[in-house]
Amino acid sequence: MRNSDSHTEGPSRGTLVDLDAVADELYALRPEDFVAARDRRALDAREAGDQALAKEIGALRRPNLAAWVSNLLVRRQPEEVRPLLGLGEELRRAHRELDGAQLRKLARRQNEVIGALGRQARKLAGQAGHPVGEGVQREVEETLHAVLADPRAAREWAAGRLVKPLSSTAGFPAADEAVLGSRPAPPAAEPRTPARGKGRAQGAERRRHLTEAREEADAERRRHLAAAREEAREAERELRARETEAADAARAADEAGARLTEAEELVAELRERLRHAEEGQRRARAGERDARERARQAGRAAQEARRRAGTAAARLERPATG
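In structure tokens:
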């Protein structure tokens with residue numbers, strides 16, 4: 002089983018591939034991407050002249066969310082597939098052999114493994130951009146129960162192409178019959194012998210052990226469900242606390258935004274005032290330069306006037322002395 006990413010691009014348009022390759026590509030995609038990609042692949046097959054393949058591709062069904070999460074677990078955690086299939090084989094063997102002690106042991110292991118995988122699948126869905134709730138997680142765990150009970154369901158799950166979650170309502174038929182005490186009626190003419198009586202006593206003992214194992218497994222499952230519900234309640238409390246924090250943070254952000262707006266308006270006003278002040282400063286400096294230039298020119302003119310006045314006075318004095 003390959004560990005495909007949910008955004009696998011697959012074969013390029015126009016490339017001929019078989020149905021398994023196309024299905025493997027499509028069921029690695031997120032549910033919302035499935036239909037468009039399927040239709041493109043069907044079109045590729047039609048344009049390549051393979052009408053039969055196009056029809057088969059077009060018949061592939063979009064997985065619902067719980068089935069997609071179950072497929073995601075297979076594709077992202079392929080190392081978990083074989084151990085779970087092995088556990089299913091052990092459980093079915095213990096049911097066939099009416100091994101109560103082994104069933105009790107495996108039942109505890111079953112609940113631990115399925116709970117852990119259910120939580121892991123939920124985490125993977127969140128990482129893939131599709132957070133799911135407790136309901137979807139329960140459907141995934143129900144699928145895993147079916148995988149343990151039914152070899153055919155196990156093969157379907159391991160292929161990573163489920164379109165809907167599997168059901169474990171069928172359970173373990175051989176074990177159910179033993180628990181219920183249903184068995185073929187003995188032949189009427191068969192004489193009762195001590196050996197047959199002993200065999201029946203052993204069968205009754207096995208059924209008693211199996212019943213105890215089933216009851217213990219049911220109790221374990223109830224404990225697991227109670228723990229899951231408590232975990233959900235704790236998550237709900239945590240969610241409410243986080244929502245309160247988020248609301249407080251949003252209010253603080255709004256208040257900070259209002260203060261920022263006021264500050265920005267004040268900065269704009271001050272910048273406008275500064276612009277006017279700088280313009281006035283530029284005008285004042287220009288006026289100062291002009292005034293200083295006029296003063297220099299006036300000084301030169303006065304100096305020239307004094308020189309001319311001195312010259313004229315000197316001329317007036319010379320005739321008087323002659």
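Numbered per the numbering used here, the sequence shown spans residues 2 to 323.
Idealized CB from N, CA, C, for every residue including glycine.
With distances taken between CA atoms, L61 lies nearest to V23 out of R94, V23, E90 and Q111. For K56, the enclosing alpha helix (DSSP H) covers residues Q52 to G59. For the pair L125 and A147, the CB atoms are not nearer than the 7 Å cut-off. Taking one beta carbon from each stretch, the stretch 138 to 153 and the stretch 65 to 76 have 3 or more pairs nearer than 8 Å; the two touch. DSSP places V164 outside both helix and strand once states are collapsed to three, so it counts as coil. Secondary structure of D19 (DSSP, three-state): coil. Nearest to R76 by alpha-carbon distance, out of L267, E280 and A129, is A129.
Separation of the CB atoms of L85 and V114 is rounded to 7 Å, and the pair is thereby assigned contact status at 8 Å.
Distance from the CA atom of A296 to the CA atom of R283, rounded to whole angstroms, is 20 Å. Straight across, the Cα-Cα distance linking R272 with R260 is about 18 Å.
In the same chain as R110, and ignoring 5 residues on each side of it, the C-beta atoms closer than 8 Å to its own belong to L88, in chain order.
For the pair A43 and G59, the CB atoms are nearer than the 7 Å cut-off. If you look at H146, you'll find it in the alpha helix (DSSP H) that goes E135 to A150.
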